[in-house]
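Okay, structure first, notes after.
Following this line, the structure appears as C-alpha coordinates:
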(Lines of atoms letter the chains of each structure in order from A; the text may use other names.)
(Lines give C-alpha, C1' and ligand atoms only; values in the text may rest on other atoms or scores of the structure.)
Protein backbone atom coordinates (compact mmCIF):
# COMPACT_ATOMS: atom_id res chain seq x y z
CA UNK A 115 0.00 0.00 0.00
CA UNK A 116 1.13 3.53 -0.68
CA UNK A 117 0.63 4.46 2.98
CA UNK A 118 3.06 1.74 4.09
CA UNK A 119 5.61 2.94 1.51
CA UNK A 120 5.29 6.52 2.76
CA UNK A 121 5.88 5.47 6.36
CA UNK A 122 8.86 3.28 5.49
CA UNK A 123 10.55 5.78 3.18
CA UNK A 124 10.04 8.76 5.48
CA UNK A 125 11.27 6.82 8.50
CA UNK A 126 14.42 5.67 6.73
CA UNK A 127 15.09 9.15 5.39
CA UNK A 128 14.71 10.65 8.87
CA UNK A 129 17.15 8.05 10.22
CA UNK A 130 19.84 9.18 7.78
CA UNK A 131 19.27 12.84 8.68
CA UNK A 132 16.87 14.09 6.01
CA UNK A 133 14.50 16.98 6.66
CA UNK A 134 10.82 17.15 5.78
CA UNK A 135 9.53 19.49 3.08
CA UNK A 136 9.00 22.19 5.73
CA UNK A 137 12.43 21.69 7.28
CA UNK A 138 11.48 19.43 10.20
CA UNK A 139 14.27 17.11 11.33
CA UNK A 140 13.65 14.75 14.26
CA UNK A 141 16.27 13.95 16.87
CA UNK A 142 17.97 10.64 15.99
CA UNK A 143 19.54 8.13 18.33
CA UNK A 144 21.43 6.40 15.49
CA UNK A 145 23.59 7.48 12.58
CA UNK A 146 23.36 4.95 9.73
CA UNK A 147 25.77 5.32 6.80
CA UNK A 148 23.05 5.40 4.15
CA UNK A 149 19.44 4.39 3.48
CA UNK A 150 20.29 0.73 2.86
CA UNK A 151 22.12 0.60 6.19
CA UNK A 152 19.15 2.24 7.94
CA UNK A 153 16.78 -0.31 6.44
CA UNK A 154 18.97 -3.19 7.60
CA UNK A 155 19.10 -1.69 11.10
CA UNK A 156 15.34 -1.51 11.52
CA UNK A 157 14.45 -4.70 9.70
CA UNK A 158 16.87 -7.05 11.40
CA UNK A 159 16.14 -10.61 10.33
CA UNK A 160 12.45 -10.15 9.64
CA UNK A 161 10.23 -8.01 7.47
CA UNK A 162 9.01 -5.00 9.43
CA UNK A 163 5.23 -4.41 9.46
CA UNK A 164 4.71 -0.86 8.25
CA UNK A 165 0.95 -1.42 8.54
CA UNK A 166 1.07 -1.78 12.35
CA UNK A 167 0.75 1.52 14.20
CA UNK A 168 1.90 -0.04 17.49
CA UNK A 169 5.06 -1.45 15.87
CA UNK A 170 5.85 1.87 14.17
CA UNK A 171 5.39 3.69 17.48
CA UNK A 172 7.72 1.23 19.24
CA UNK A 173 10.31 1.60 16.48
CA UNK A 174 10.10 5.39 16.53
CA UNK A 175 10.56 5.44 20.32
CA UNK A 176 13.68 3.32 19.89
CA UNK A 177 15.33 5.36 17.11
CA UNK A 178 13.84 8.89 17.21
CA UNK A 179 13.55 11.43 20.02
CA UNK A 180 10.17 11.12 21.78
CA UNK A 181 9.06 8.89 18.91
CA UNK A 182 8.43 11.98 16.81
CA UNK A 183 6.92 12.60 14.37
CA UNK A 184 5.24 9.17 14.28
CA UNK A 185 4.16 8.51 17.87
CA UNK A 186 1.95 11.60 18.37
CA UNK A 187 0.22 11.05 15.05
CA UNK A 188 -0.28 7.29 15.23
CA UNK A 189 -1.32 6.95 18.88
CA UNK A 190 -4.84 8.07 18.12
CA UNK A 191 -5.34 5.82 15.12
CA UNK A 192 -4.05 2.41 16.22
CA UNK A 193 -7.56 0.93 16.19
CA UNK A 194 -8.16 2.35 12.71
CA UNK A 195 -4.88 0.77 11.52
CA UNK A 196 -5.90 -2.59 12.98
CA UNK A 197 -9.30 -2.43 11.26
CA UNK A 198 -7.75 -1.31 7.99
CA UNK A 199 -5.41 -4.31 8.12
CA UNK A 200 -8.29 -6.72 8.71
CA UNK A 201 -9.99 -5.42 5.57
CA UNK A 202 -6.72 -5.41 3.60
CA UNK A 203 -5.89 -8.96 4.65
CA UNK A 204 -9.33 -10.17 3.61
CA UNK A 205 -8.75 -8.65 0.17
CA UNK A 206 -5.25 -10.04 -0.42
CA UNK A 207 -5.43 -13.36 1.46
CA UNK A 208 -7.98 -16.06 0.77
CA UNK A 209 -7.26 -17.90 4.03
CA UNK A 210 -9.92 -19.03 6.47
CA UNK A 211 -8.14 -17.00 9.16
CA UNK A 212 -8.44 -13.74 7.17
CA UNK A 213 -12.07 -14.50 6.34
CA UNK A 214 -12.98 -15.31 9.95
CA UNK A 215 -11.24 -12.20 11.26
CA UNK A 216 -13.06 -10.04 8.69
CA UNK A 217 -16.43 -11.61 9.54
CA UNK A 218 -15.79 -11.00 13.25
CA UNK A 219 -14.91 -7.37 12.47
CA UNK A 220 -18.18 -6.99 10.53
CA UNK A 221 -20.21 -8.41 13.44
CA UNK A 222 -18.44 -6.10 15.91
CA UNK A 223 -18.80 -3.04 13.69
CA UNK A 224 -22.37 -3.50 12.48
CA UNK A 225 -23.73 -5.39 15.47
CA UNK A 226 -24.59 -8.42 13.33
CA UNK A 227 -23.15 -10.47 10.51
CA UNK A 228 -24.20 -10.09 6.91
CA UNK A 229 -24.22 -13.14 4.70
CA UNK A 230 -21.62 -13.03 1.92
CA UNK A 231 -20.25 -9.66 3.04
CA UNK A 232 -17.17 -8.66 1.08
CA UNK A 233 -14.65 -5.90 1.71
CA UNK A 234 -15.95 -4.11 -1.39
CA UNK A 235 -19.53 -4.17 -0.14
CA UNK A 236 -18.46 -3.04 3.30
CA UNK A 237 -16.39 -0.14 1.99
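Numbering (my numbering), first residue to last: 115 to 237.
Don't be surprised by glycine CBs; every beta carbon is placed ideally from N, CA and C.
All values derive from a computational prediction rather than experimental measurement.
If you draw a straight line from the alpha carbon of residue 224 to that of residue 212, how long is it in whole angstroms?
-> Roughly 18 Å between the two C-alpha positions.
Which residues in the same chain have their Cβ closer than 8 Å to the Cβ of residue 143, if we skip the five residues on either side of it in sequence?
-> Here the set comprises 176, 177, 178, 179.
Residue ranges of each alpha helix (DSSP H) within the region 182-211, 4 or longer | As far as the region 182-211 is concerned, its whole alpha helix (DSSP H) runs of at least 4 residues are 184-188, 192-206.
Whose C-alpha, out of 136, 130, 139, 140, is nearest the C-alpha of residue 146?
-> Cα-wise, what sits closest to residue 146 is 130.
Per-residue DSSP class, three states only, for residue 237 = Of the three classes helix, strand and coil, the one that applies to residue 237 here is coil, per DSSP.
The alpha helix (DSSP H) with residue 117 in it runs from where to where?
-> Bounds of the alpha helix (DSSP H) holding residue 117 are 116-129.
Could you tell me whether the Cβ atoms of residue 171 and residue 181 are closer together than 8 Å?
-> With a cutoff of 8 Å on beta-carbon distance, residue 171 and residue 181 are scored as near each other.
Quick one: Cα of residue 202 to Cα of residue 150, how far?
-> Looking at the two C-alpha atoms, the distance is approximately 28 Å.
Let me know the secondary structure DSSP gives residue 221 once reduced to three states.
-> Secondary structure of residue 221 (DSSP, three-state): helix.
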